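Here this note's numbering = 1-based position in the sequence shown + 2.
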Amino acid sequence: STMEETDREAVATAVQRVAGMLQRPDQLDKVEQYRRREARKKASVEARLKVQSWINLSVCGCQVMSRALNLTGNEELKNNLHITCREVAVFEYFKIISFKLFLNNSYSHSPALFLVLLFSFPEIVRETHDLIERGELLQAHRKLMDLECSRDNLMYEQYRMDSKNTHDMNLIHTYFGDMQKLSEELAKQLWMVVQRSLVTVRRDPTLLVSVVRIIEREEKIDRRMLDRKKQTGFIPPGRPKKWKEKMFNILERTVSTRIEGTQADTRESDKMWLVRHLEIIRKYVLDDLLVAKTLLDQCFPPHYDIFNRLLNMYHQALATRMQELAAEDLEANEIVSLLSWVLNTYTSAEMMGNSELSPEVDVNSLDDLISQNVVDQLLSKYMSTLTSNIIGWLRKALETDKKDWIKETEPEADQDGYYQTTLPAIVFQMFEQNLQVAAQINEDLKTKVLILCLQQMNSFLTRYKDEAQLYKEDHLKNRQYPQCYVQYMIAVINNCQTFKESIISLKRKYLKSDMEDTLSISHANMDAILDIIAKEGCSSLLDEVFMDLEPHLNELMTKKWLMGSNAVGTICVTVEDYFNDFAKIKKPYKKTMTLEAHRRVVVEYIRAIMLKRISFKNAEERKEGAERMIKEAEQFRFLFKKLAAGSGEDTEGLCDIIEAIAEVIKLTDPSLLYLEVSTLVSKYPDIRDDHIAALLTVRGDASRDMKQTIIETLDQGPSQPNPNYVPIFKEITVPTLTVPKLLK
3 STMEETDREA VATAVQRVAG MLQRPDQLDK VEQYRRREAR KKASVEARLK VQSWINLSVC
63 GCQVMSRALN LTGNEELKNN LHITCREVAV FEYFKIISFK LFLNNSYSHS PALFLVLLFS
123 FPEIVRETHD LIERGELLQA HRKLMDLECS RDNLMYEQYR MDSKNTHDMN LIHTYFGDMQ
183 KLSEELAKQL WMVVQRSLVT VRRDPTLLVS VVRIIEREEK IDRRMLDRKK QTGFIPPGRP
243 KKWKEKMFNI LERTVSTRIE GTQADTRESD KMWLVRHLEI IRKYVLDDLL VAKTLLDQCF
303 PPHYDIFNRL LNMYHQALAT RMQELAAEDL EANEIVSLLS WVLNTYTSAE MMGNSELSPE
363 VDVNSLDDLI SQNVVDQLLS KYMSTLTSNI IGWLRKALET DKKDWIKETE PEADQDGYYQ
423 TTLPAIVFQM FEQNLQVAAQ INEDLKTKVL ILCLQQMNSF LTRYKDEAQL YKEDHLKNRQ
483 YPQCYVQYMI AVINNCQTFK ESIISLKRKY LKSDMEDTLS ISHANMDAIL DIIAKEGCSS
543 LLDEVFMDLE PHLNELMTKK WLMGSNAVGT ICVTVEDYFN DFAKIKKPYK KTMTLEAHRR
603 VVVEYIRAIM LKRISFKNAE ERKEGAERMI KEAEQFRFLF KKLAAGSGED TEGLCDIIEA
663 IAEVIKLTDP SLLYLEVSTL VSKYPDIRDD HIAALLTVRG DASRDMKQTI IETLDQGPSQ
723 PNPNYVPIFK EITVPTLTVP KLLK
């Protein structure tokens, strides 16, 4: 039969081949080797035959299914059969191509391994997927590499055999489609680990090391595939994967997200939002870099330079974030927080200058987080915002203070009992706060803010002066109101002294000595305004006193006075009563005030004499009037000595003038009158002729000729005034002769 013939032919061929192999005696030693080689060939042929029979069966099955498709009437069943048929057809057609390559011996690698992979591919995909899910990434990657290697080699063989046959190439690609999904699945796991690398490195450094090893393997394969492309023009789909580059991109995104994600609040929900945001950033960045330096560095190969790469990423992310913040519509205090952080905190020991980060981090070589141009813009915005804020704050402070001036309760006193209002404290506390804030940024800004504060203080003091003047004018319209006018005017005067001291202290604390000259003019100007406010304040208080004294001053040098009125007693009591309040005025002003009061009392007393309200009729009246004047001068002397207690000021000379005038009036011998008057004039050279005429009129016994002679003779006489004498008569006007007549 045909079978027997075939067997005989086969045996004959075999005998012939064996005879060919064993032609020399030494070839007998290799019999075992030949036998093994032939066995391998036989196994290979059997395998091919087996695969061929599988293919035949599959094709046959597809044909049966195709016929069934045409016969069935059920549409759903028809669709399902159609899809199944298509999938089987693709799978089988792919196996035909693979087998074609296999049969042609084009497949240059282990044929057995190829067949195992080819037919158990779906199962290997499942296993790899399970490994990924279980987190056994290294093993999963090993299997993925084997699968990719098979596909890539198969494609390469197809490319070599027929590079233009894209149809067959696509089929291989489709068959291995699940493998692409596996690669993506694995990558997803890797990137999750990379994203959490700073946490993972503390909890499970081995996992991170595995991820880095996988990335390194992929980099190696990328390089090999690119080399082969250069030689052959072929590169498998999806290559190069560039997983190392992707890893760095993921790290960069993670760092950016970490920085951006630290803003928990907005200005609406929390006024301190920016301070909190910046503090969280500082803490996170420092913690992350310390972990990166101590732990992360050990998980990566040195050529990754992971710490420096991360440092650069953090710096870039921070620069981006700071530029975004700088572009926002920031308030003055927020600008300071931002600049202070950018210019100082960032490079300080609390952050990049931390000793544990050195020597890897050198703060001197770090680029600026925001450009000098942006810094200047922010500072300029800060200064203009601050200027309008300070103007607003000062205006508000003065308005609030003015409300206190009309209260029905006395102002507060300081620890020494001097009346004051809170105005200087509020103003300088505000200046201090802004200077401390500016000092956080740099010296230059601090100086600018100090100059700004003092400039605004200058304008403010002018307004303060005007308001004090208005206060006085309003009071004069109705002296019953405000109830505590005197006490609040004292507080205004005292505030001037406090302002002076505060300006000095502020300059001493915040101004470099070499800058002193730039502010000396403005300082002198402020001192001058403060002195005017205080002086006008004191003057208005004395006006208060003398308005109350007016009826009593009008009694002086009248008939009633001569007959024993107690006008001077009342004057002294009233002055002393006012000075109980004036004791609450601070030293320099109180001293001036006492002197001025003393002077004004004496001036008013002398004015009363010069008004010629009385003309003594005889020596008896002159004696009585003169003694009364001497006694009253002594009363004044005693009062003002008491009021000036401790000031060390000699004010007795003022009362001496009254006594000197009294001596002229008291004189009994008219022939000595010229001598007495000339002594008076030599002591007080500002006495005018009309003063002497008025004085002689009060004396009541000098004729017109006598007055004329004395006045003419005096003009030639020498004068010897006391060097400390402050002219007093020039303030005193004498009414002309017609005035008394009109009054009558």
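Where a beta carbon is used, it is the ideal one built from N, C-alpha and C, also for glycine. Every value quoted in this text rests on a predicted model; they were computed, and no experiment measured them.
Where residue i sits in the DSSP three-state scheme
i, result
"A647", "coil"
"Y421", "strand"
"A760", "Nothing can be reported for residue 760: it is not among the residues displayed for the chain, which extend from 3 to 746."
"A704", "coil"
"A530", "helix"
"A427", "helix"
"A415", "strand"
"L558", "coil"
"P737", "coil"
"Y473", "helix"
"N155", "helix"
"Y727", "coil"
"Y466", "helix"
"S112", "Below a pLDDT of 50, predicted positions are generally treated as unreliable, and S112, at 48, falls in that range; the measurement from the model is reported next regardless. Coil."
"R602", "helix"
Assigned exposure category for residue i - 16 Cβ within 10 Å defines buried
i, result
"K2", "Because the chain in this structure spans residues 3 to 746, residue 2 falls outside the shown range and cannot be described."
"A599", "buried"
"T256", "buried"
"V201", "exposed"
"P742", "Its pLDDT being 46, under 50, P742 is placed unreliably by the model, and nothing is read from it."
"G627", "buried"
"A266", "exposed"
"Q18", "exposed"
"Q482", "exposed"
"H169", "exposed"
"E546", "buried"
"K592", "buried"
"A775", "Limits of the chain in this structure are 3 at one end and 746 at the other, which puts residue 775 out of reach."
"P303", "exposed"
"K448", "buried"
"V439", "buried"
"G539", "buried"
Which listed residue (the options) has its alpha carbon closest to that of residue i
i, options, result
"Q489", "W407, I308 and S522", "W407"
"Q417", "K588, G355 and Q471", "K588"
"L463", "I531, Q471, E401 and K409", "I531"
"V344", "E330, N335, L359 and V377", "V377"
"F638", "L188, E622, K625 and I660", "I660"
"P361", "A441, N310 and P239", "N310"
"C301", "D692, V603, Q499 and V196", "V196"
"I393", "Q471, R465, R609 and N527", "R465"
"V605", "H693, L332, T449 and D707", "H693"
"A415", "N496, N335, V570 and A470", "N496"
"E623", "V700, Q379 and H131", "V700"
"E358", "I308, R323, L291 and V338", "L291"
"D703", "L675, D691, L437 and D583", "L675"
"K285", "T347, L173 and L340", "T347"
"P484", "I523, L381, C498 and K405", "K405"
"M385", "L564, N436 and K43", "N436"
Range of the contiguous alpha helix (DSSP H) that encloses residue i
i, result
"D9", "T4 to M23"
"Y286", "W275 to T296"
"S390", "Q374 to W407"
"I252", "W245 to E262"
"A266", "A266 -> no alpha helix (DSSP H), and no H or E assigned at all."
"C301", "That residue, C301, is in no alpha helix (DSSP H); it is neither H nor E in DSSP."
"T176", "T168 to Y177"
"C574", "A569 to F584"
"Q233", "P207 to T234"
"F309", "I308 to A329"
"Q489", "Y487 to Y512"
"V338", "A334 to S342"
Any C-beta of chain B under 7 Å from that of residue i
i, result
"A585", "Annotation note: the requested chain B is absent from the structure, which comprises a single protein chain."
Review point. When the Cβ atoms of the segment 452–463 are set against those of the segment 376–389, are three or more pairs found closer than 8 Å?
Key: yes
Check your understanding: Is it a yes or a no for the segment 423–435 touching the segment 361–369, going by three-plus beta-carbon pairs under 8 Å?
Key -> no
Check your understanding: Are at least three pairs of beta-carbons, each pair with one atom in the segment 607–625 and one in the segment 729–738, less than 8 Å apart?
Key -> yes
Check your understanding: On the three-pair Cβ rule with 8 Å, is the segment 183–197 touching the segment 237–257?
Key -> yes
Review point. Is the segment 312–323 touching the segment 221–232 in the sense that three or more CB pairs, one from each, lie closer than 8 Å?
Key: no
Review point. So, do the segment 210–224 and the segment 131–143 have three or more beta carbon pairs nearer to each other than 8 Å?
Key: yes
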